[in-house]
Amino acid sequence: MNCIFCAIVAREADASVVHEDEAVLAFLDIRPFTPGHLLVIPKRHAAGLGTLDPEDAGAMFRVACTIGAALRTAPDVDGVNLLQADGVAAGQEVFHAHLHVIPRREGDGFGLRGPLPSMPPRAALDRTAAGIRALL
Ligand code: 5GP
Ligand code: ZN
Numbered sequence: 004m005n006c007i008f009c010a011i012v013a014r015e016a017d018a019s020v021v022h023e024d025e026a027v028l029a030f031l032d033i034r035p036f037t038p039g040h041l042l043v044i045p046k047r048h049a050a051g052l053g054t055l056d057p058e059d060a061g062a063m064f065r066v067a068c069t070i071g072a073a074l075r076t077a078p079d080v081d082g083v084n085l086l087q088a089d090g091v092a093a094g095q096e097v098f099h100a101h102l103h104v105i106p107r108r109e110g111d112g113f114g115l116r117g118p119l120p121s122m123p124p125r126a127a128l129d130r131t132a133a134g135i136r137a138l139l
């Protein structure tokens, strides 16, 4: 399998590593949205949410929280976004699951763009909730 993140885990490709444990690797994104933007990945390959081992998902999120909280203590960091893209339509480019940890500074210009959200009536929200419950 030709997976750049598996190659990074195997140290066959370079990366600037921030954290490593038995389940998870965290390293700087090669094209950072903001300075310090990093990726937290499970060492075990999974393309996305549908095949991600729940233990690995938990380990990935725990490490992202720890790193995100640590980043918040840096004097120039005003906030942090955690972001996972799952599927091409969501912007996923690397098909090895990963959580982006994006340090935010006032006025850095990063953001999710989209149409302004409306506020649907409760009945519509309830119908949507029922549809999602049926998928679980
Ligand atoms: P996605 O769009 O799949 O959520 O994000 C993939 C991320 O991986 C992008 O932000 C991209 O810059 C990063 N990336 C792609 N190739 C490499 C690489 O070889 N090394 C590192 N460190 N990051 C990469
Ligand atoms: Zn992989």
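Going left to right, the sequence shown walks through residues 4 to 139 as this note's numbering numbers them.
For glycine and all other residues, C-beta sits at the position ideal for the given N, C-alpha and C.
Per the coordinates, the alpha-carbon of Ala13 lies some 10 Å from the alpha-carbon of Ile7. In the DSSP assignment, the residues bridged to Phe30 are Val20, Leu42.
Scanning its chain for C-beta atoms nearer than 6 Å, with the 5 sequence neighbours on each side dropped, one finds around Ala50 the residues Phe98, in chain order. Straight-line measurement puts the Cα of Gly114 at about 21 Å from the Cα of Met122. In this chain, Pro57 is not harboured by any beta strand (DSSP E); it is covered by the alpha helix (DSSP H) spanning 57–75. In the displayed model, Leu115 falls within coil according to three-state DSSP, outside both helix and strand. Looking at the backbone, the Cα of Arg107 and that of Leu42 are separated by about 15 Å.
Judged by their CB atoms, Ala29 and Val66 are nearer to each other than the 8 Å cut-off. Look at Leu52 here: in three-state DSSP terms it is coil, with no helix or strand label. Around the beta carbon of Ile11, a 10 Å sphere encloses 16 or more other beta carbons of the protein chains shown; the residue is thus reported as buried.
For Phe30, the CB falls within less than 7 Å of some heavy atom of the ligand 5GP. Taking a contact as a CB-CB distance under 8 Å, the pair His40 and His103 counts as one, their CB atoms being some 7 Å apart.
Under the three-state reduction of DSSP output, Leu85 falls in the strand class. Measuring C-alpha to C-alpha distances from Met63 to each of His22, Ile135, Arg130, Leu128 identifies His22 as the nearest.
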